Amino acid sequence: MLTKRIIACLDVDAGRVVKGIQFVDIVDAGDPAELAARHASEGADEIVLLDITATHEGRATLLDTVRRTARMLFVPFCVGGGIRTARDAEQVFNAGADKVSVNSAALTDPTLIDAIGRSFGAQAVVVAIDARRDPHATDPVRDAQVFVQGGRKPAGRRIVEWAREAEARGAGEILLTSMDADGTRGGFDCELTAAVSQAVSIPVIASGGAGTVAHFTDVFAAGKADAALAASIFHFGVSSARSLKQGLAEAGVPVRLPC
Amino acid sequence: MRVTVIDYKAGNLTSVLKALRHLGAEPIVTDGDLSLAEHAERIVLPGVGHFAATERLDSTGLTPAIRSAIARGVPFLGICVGMQWLYAGSTEEPRQPGLGQFSETCARFPDGHQKVPHVGWNSLDVFNGSHLLAGVAPGEFVYFTHSYRAPITPATAASTTYIEPFASAVERDNVFGVQFHPEKSGETGLKILRNFLAFQPKEAAC
Chain L
1 MLTKRIIACL
11 DVDAGRVVKG
21 IQFVDIVDAG
31 DPAELAARHA
41 SEGADEIVLL
51 DITATHEGRA
61 TLLDTVRRTA
71 RMLFVPFCVG
81 GGIRTARDAE
91 QVFNAGADKV
101 SVNSAALTDP
111 TLIDAIGRSF
121 GAQAVVVAID
131 ARRDPHATDP
141 VRDAQVFVQG
151 GRKPAGRRIV
161 EWAREAEARG
171 AGEILLTSMD
181 ADGTRGGFDC
191 ELTAAVSQAV
201 SIPVIASGGA
211 GTVAHFTDVF
221 AAGKADAALA
231 ASIFHFGVSS
241 ARSLKQGLAE
251 AGVPVRLPC
Chain W
1001 MRVTVIDYKA
1011 GNLTSVLKAL
1021 RHLGAEPIVT
1031 DGDLSLAEHA
1041 ERIVLPGVGH
1051 FAATERLDST
1061 GLTPAIRSAI
1071 ARGVPFLGIC
1081 VGMQWLYAGS
1091 TEEPRQPGLG
1101 QFSETCARFP
1111 DGHQKVPHVG
1121 WNSLDVFNGS
1131 HLLAGVAPGE
1141 FVYFTHSYRA
1151 PITPATAAST
1161 TYIEPFASAV
1171 ERDNVFGVQF
1181 HPEKSGETGL
1191 KILRNFLAFQ
1201 PKEAAC
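Chains as they are written, first to last, in my numbering: chain L, 1 to 259; chain W, 1001 to 1206.
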């Protein structure tokens, strides 16, 4: 049976993990390669590395970070942040990523999705979307507003129509972050996730709002998510992807165990 | 051990090369040097993307070179589209023939049931006697990403169920194919690649 994926996400700035999942017993908690390997060995089904660096020097460091992180990683590895051209994507692939995630740049130029998919296959293109419900819209969920620049600026697009366009252009997966739920630890936005998941045939990865194992159970059932991003939950009582997955298995969610 | 990895410009090879090196093999990439295929000790044909990309194997002359290597008994492993290429063809690109080692045709998952593509970790039901999957316990998970698949036949080495059962691995003598990505399937995947590297073919008939 196809299992629900638990994806560990690391935010990286200039080669160091600055946010995301950290372990108390690792002295050097900021090394992406070390943390990624740790997550993989503790049951994460996939690793996402998000580069939040804005500087040119930081971009060069990123490729080195990707290379070091990929070296000992034998689960799918996705890299996002600052990928603006097919050439940027190619460099990240050559450094060892299996997938790239594109967000703002794809909204500025949607043909970026086509271009990367043509060269590397649809399975290698993850379109990340940050969305917030629009209380003024006829359908606040399906017409949730899409934001760019880390959630600072409305993109002038609606979630369901943009997700469908991304799929039609050759996206392999959608990484959907609910800006309403993000950081709350009050649970994923299951309605928003379900609206997107039912509108497309490609997998949808839910992100934002995780606080308990039950939140994951909900987003896989009610939210119809195919995968979920686990980040800060590991700070708050759930020690590893494996223990999260054991909790999910007890609740009847199919997960990869043992892992 | 030298392993010839065929590059037909369908996706990137980095992960496959990395996994082979990790296991102590020495991968050599060719996108058209026929001698590397003809004199290969082992051949890996990776692959992601569209079946039409395998046309490049024909236009570069690699197809007959690989065919003769297989006939000499050289162990061959096709991954994903590389497995599908072992069949007569795929409905994804009906004008492009496969190698025809297996006579069936690959086809798309039926629509209207669950999402297509099939993406994520799914389990293997290994059939008895597989060399490639030796030591893989029932229900071990591997990573898939694909929309087309091969039917279950006597050559099937493992089946996986998504919408319906399909061939997730195929095996006959020195010819192996896996629909999943062993290079992305954790310890289980590495074990399968290790089996491939350790496989000793019987002497080919002269």
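Positions of the beta carbon are idealized from the N, C-alpha and C atoms, including for glycine.
From a predicted model like this one, the values you see are computed outputs, not experimental measurements.
{"Item": "From the DSSP output, in three-state form, read off residue 1179(W) for me.", "Value": "coil"}
{"Item": "If you run the structure through DSSP and keep just helix, strand and coil, what is residue 1122(W)?", "Value": "strand"}
{"Item": "I'd like to check one pair, residue 107(L) with residue 146(L): are the Cβ atoms closer than 8 Å?", "Value": "yes"}
{"Item": "Throw me the rounded Cβ distance for the residue 219(L) and residue 244(L) pair, which I believe falls under 8 Å.", "Value": "Incorrect: roughly 12 Å between the Cβ atoms, too far for contact."}
{"Item": "Put residue 24(L) into one of helix, strand or coil per three-state DSSP.", "Value": "Any reading at residue 24(L) must be qualified, since the residue scores a pLDDT of 46, below 50, and its modelled position is unreliable; no value is offered."}
{"Item": "Provide the residue span of the beta strand (DSSP E) that contains residue 3(L), from first to last.", "Value": "No beta strand (DSSP E) holds residue 3(L); DSSP gives it neither H nor E."}
{"Item": "For chain L, check one thing: does any of its Cβ atoms lie closer than 8 Å to the Cβ of residue 1090(W)?", "Value": "no"}
{"Item": "What whole-angstrom Cβ distance do residue 1143(W) and residue 1184(W) have, given they're in contact under 8 Å?", "Value": "5 Å"}
{"Item": "How far does the beta strand (DSSP E) with residue 1144(W) in it extend, from its first residue to its last?", "Value": "1141–1146"}
{"Item": "So residue 223(L) and residue 206(L) are supposed to be a Cβ contact under 8 Å. How far apart are they, rounded?", "Value": "6 Å"}
{"Item": "May I ask you to list, following chain order, the residues of the segment 215–230 of chain L that have a beta carbon less than 9 Å from some beta carbon of chain W?", "Value": "226, 227"}
{"Item": "Compare the C-beta of residue 1003(W) with all C-beta atoms of chain L and state if any pair is closer than 8 Å.", "Value": "no"}
{"Item": "What residues in its chain sit with their C-beta under 6 Å from that of residue 105(L), if we drop five residues either side in the sequence?", "Value": "84, 112"}
{"Item": "Residue 179(L) versus chain W: which residues are under 9 Å apart at the beta carbon?", "Value": "Near residue 179(L) there are no residues of chain W at all, since even the closest Cβ is about 25 Å away, more than 9 Å."}
{"Item": "Quickly, what does DSSP pair residue 1075(W) with across the bridge? List them, please.", "Value": "Note: residue 1075(W) sits in no beta bridge, so no partner."}
{"Item": "Return the residue from the list 33(L), 134(L), 32(L) that minimises the CA-CA distance to residue 178(L).", "Value": "134(L)"}
{"Item": "Just the C-alpha distance for residue 181(L) and residue 202(L), rounded to the nearest angstrom, thanks.", "Value": "23 Å"}
{"Item": "Can you round the beta-carbon distance between residue 33(L) and residue 69(L) to whole angstroms, since I take them to be within the 8 Å contact cut?", "Value": "4 Å"}
{"Item": "Helix, strand or coil, according to DSSP, for residue 191(L) in the structure here?", "Value": "helix"}
{"Item": "For residue 1134(W) and residue 98(L), what's the separation of their Cα atoms in angstroms?", "Value": "27 Å"}
{"Item": "Helix, strand or coil for residue 43(L) per DSSP?", "Value": "coil"}
{"Item": "Taking C-beta to C-beta, are residue 1081(W) and residue 1047(W) nearer than 8 Å?", "Value": "yes"}
{"Item": "Going by CA-CA distance only, name the one from 1132(W), 1070(W), 1038(W), 1078(W) that's closest to residue 1054(W).", "Value": "1078(W)"}
{"Item": "Taking only beta-carbon atoms, is residue 188(L) less than 8 Å away from chain W?", "Value": "no"}
{"Item": "Which residue's Cα is closest to the Cα of residue 116(L): 79(L), 171(L), 35(L), 254(L)?", "Value": "171(L)"}
{"Item": "Roughly how many angstroms lie between the CA atoms of residue 191(L) and residue 10(L), to the nearest whole one?", "Value": "26 Å"}
{"Item": "What three-state label does DSSP hand residue 52(L) in the structure shown?", "Value": "coil"}
{"Item": "Can you give me the C-alpha to C-alpha distance between residue 1198(W) and residue 73(L), rounded to a whole angstrom?", "Value": "22 Å"}
{"Item": "Indicate whether at least one CB of chain W lies closer than 8 Å to the CB of residue 169(L).", "Value": "no"}
{"Item": "For a quick check, are the C-beta atoms of residue 1168(W) and residue 1159(W) less than 8 Å apart?", "Value": "yes"}
{"Item": "Below 8 Å on the Cβ atoms is my contact criterion, and I expect residue 1166(W) with residue 1132(W) to pass it. Report the Cβ-Cβ distance as a whole number of Å.", "Value": "Actually they are not in contact, since the Cβ atoms of residue 1166(W) and residue 1132(W) sit about 17 Å apart, beyond 8 Å."}
{"Item": "What's the gap between the Cα of residue 215(L) and the Cα of residue 161(L)?", "Value": "26 Å"}
{"Item": "Tell me which residues share the same chain as residue 1152(W) and place their Cβ nearer than 8 Å to its Cβ, disregarding the 5 neighbours each side in the sequence.", "Value": "1159, 1165, 1166, 1167"}
{"Item": "Could you list which residues in chain L have their beta carbon closer than 9 Å to that of residue 1190(W), in chain order?", "Value": "74"}
{"Item": "Find the nearest neighbour of residue 1112(W) within the set 249(L), 198(L), 130(L), judged by alpha-carbon distance.", "Value": "198(L)"}
{"Item": "Helix, strand or coil: how does DSSP classify residue 11(L) here?", "Value": "strand"}
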